[in-house]
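**Student:**
Following this line, the structure appears as structure tokens:
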């Protein structure tokens with residue numbers, strides 16, 4: 403058995419995809435592996451572990467680290483089409499132990515200390531299965547990784563409004579804070595899911611006579627494939643309902659707003675206000691309102707709906723005149739890498 407040593411393993415695992423990279427001594431990415439969602443809150447711990455394993459395994463294979471062939475239950479999202487017999491006949495056959503100086507995981511679903519325990523146990527089990535020995539393991543929420551990648555390590559606030567929503571921030575002292583991100587059942591205000599939920603509620607209220615009539619009724623029912631408002635109730639509590647499907651309805655709210663529908667316009671205005679409140683909460687906790695800092699707006703809602711984006715920008719500029727609204731400089735994986743490199747640099751300086 404041979405031993406390969408690599409300084410850094412960085413993993414960005416979100417609700418859509420998982421990306422694992424190996425970084426060498428010159429701080430260059432030497433191998434990459436991809437898989438599907440590894441958010442255990444969304445797909446369960448077992449499936450999340452399988453996707454995480456698949457992404458890391460793919461990176462190891464690309465780096466030439468010899469591993470046993472992938473197991474039969476490896477998820478289809480990463481199963482390679484290469485012939486098993488070809489690998490078995492390769493002169494490089496054999497197991498290889500990989501030693502990593504530092505491994506940093508930025509994973510979705512890490513919101514509480516309980517989550518941290520569950521996810522850390524999952525990560526450790528996957529590394530052991532792959533015979534990857536890590537000297538220093540760091541496990542963080544994927545949003546902080548996205549923040550570091552977006553601001554390139556500078557003070558800033560990242561507001562994400564996709565299917566879900568959350569705000570993260572980091573100040574000059576390196577202190578971090580978050581607001582929101584409590585999931586669709588009790589949070590995610592201003593997100594695509596939240597906007598879609600408001601649309602369904604508005605249609606039902608209009609049908610009852612408790613709310614104003616809205617174009618949303620004419621747009622929403624045929625989009626879902628329903629003929630009557632009563633069917634919307636059954637759909638909401640039926641098997642066809644999902645967070646993603648409700649999130650898609652946010653596009654209909656934008657369409658209704660384009661037609662001047664007051665109900666849709668009100669929903670989008672409240673969405674913008676909720677996202678601003680999350681950003682302001684982070685800003686105040688980190689004491690960032692008086693000085694310059696970057697604010698990055700990400701996610702489908704903030705990128706595709708100019709009304710929501712404008713409300714957030716106007717409100718945050720009023721609260722923090724020196725804010726600079728900017729675009730993300732790097733993908734989230736680079737934030738994970740940056741954290742790992744900073745840790746390695748700190749260890750070198752301390753020694």
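Residue numbers (the numbering used here): 403 to 753. Glycine is no exception: its CB is placed at the ideal position from the N, C-alpha and C atoms.
(1) By the three-class DSSP mapping on this structure, what secondary structure does residue 532 have?
(2) Residue 424 by DSSP, collapsed to three states: which one?
(3) Using CA atoms only, rank isn't needed, just tell me which of 412, 509, 727 and 593 is closest to residue 552.
(4) Which residues does DSSP pair with residue 504 in a beta bridge?
(5) For residue 512, collect the residues of the same chain with a Cβ closer than 8 Å to its Cβ; drop the 5 residues on either side in sequence, then sort them by chain order.
(6) From 645, 611 and 531, pick the residue whose C-alpha is nearest to that of residue 587; which is it?
(7) Leaving out the 5 sequence neighbours to the left and right, which residues in its chain are closer than 8 Å to residue 743 when beta-carbon positions are compared?
(8) Hey, residue 691 and residue 722 are a contact pair by Cβ (cut 8 Å); roughly how many whole angstroms apart?
(9) Check this for me: beta carbons of residue 458 and residue 534, under 9 Å apart or not?
(10) Could you tell me if residue 617 is buried or exposed, where buried requires 16 or more neighbouring beta carbons within 10 angstroms of its beta carbon?
(11) Here's the rule: buried if 16 or more other CB atoms are within 10 angstroms of the residue's CB, otherwise exposed. What is residue 574?
(12) Provide the residue(s) that pair with residue 438 in DSSP beta bridges, ordered along the chain.
(13) Would you identify the three-state DSSP class for residue 612, choosing helix, strand or coil?
(14) Under 7 Å Cβ to Cβ from residue 733, same chain only, skipping five residues before and after it: list those, please.
(15) Comparing C-alpha positions only, which one of 677, 634, 735 and 524 sits nearest to residue 715?
(16) Leaving out the 5 sequence neighbours to the left and right, which residues in its chain are closer than 6 Å to residue 738 when beta-carbon positions are compared?
(17) Which same chain residues, not among the five before or five after residue 623, have their C-beta less than 6 Å away from its C-beta?
**Tutor:** So, from the data block:
(1) Counting from 1 along the chain shown, the entry for residue 532 is found at position 130. Residue state, collapsed to three classes: coil.
(2) The count along the chain shown starts at 1 and reaches residue 424 at position 22. Strand at residue 424.
(3) The residue labelled residue 552 in the question sits at position 150 within the chain shown. When only C-alpha atoms are compared, the closest one is 727.
(4) By one-based count along the chain shown, residue 504 stands at place 102. Bridge partners of residue 504: 410 and 538.
(5) The residue you call residue 512 lines up with position 110 of the chain shown. Cβ within range, chain order: 518, 521, 541, 542, 543 and 544.
(6) Within the chain shown, residue 587 is the residue found at index 185, counting from 1. That would be 645, whose Cα lies nearest to the Cα of residue 587.
(7) What you label residue 743 is simply residue 341 of the chain shown in a count that begins at 1. Cβ neighbours of residue 743 beyond the five flanking positions: 410, 425 and 429.
(8) Locating residue 691 in the chain shown gives position 289, where the first residue counts as 1. Locating residue 722 in the chain shown gives position 320, where the first residue counts as 1. Sure, about 5 Å apart at Cβ, within 8 Å.
(9) Position 56 of the chain shown, counted from the first residue, corresponds to residue 458. Position 132 of the chain shown, counted from the first residue, corresponds to residue 534. Closer than 9 Å, so yes.
(10) Residue numbering aside, residue 617 sits at position 215 when the chain shown is read from its first letter. Residue 617 comes out buried.
(11) Translated into the one-based positions of the chain shown, residue 574 becomes position 172. Exposed: under 16 other Cβ atoms inside 10 Å.
(12) Residue mapping note: residue 438 aligns to position 36 of the chain shown, counting from 1. According to DSSP, residue 438 bridges with 419.
(13) For the purposes of this step, residue 612 is taken as residue 210 along the chain shown, with counting starting at 1. When secondary structure is reduced to three states using DSSP, residue 612 falls in the coil class, being assigned neither helix nor strand.
(14) Within the chain shown, the letter at position 331 stands for residue 733. 551.
(15) Against the chain shown, residue 715 aligns to sequence position 313. If we check each option's Cα against that of residue 715, 677 comes out closest.
(16) As a first step, residue 738 is located in the chain shown; it is residue number 336 there, counting from the start. Result list for residue 738: 412, 414, 506, 508 and 547, in chain order.
(17) Here residue 623 refers to the residue found at position 221 of the chain shown. Hits under 6 Å: none found.
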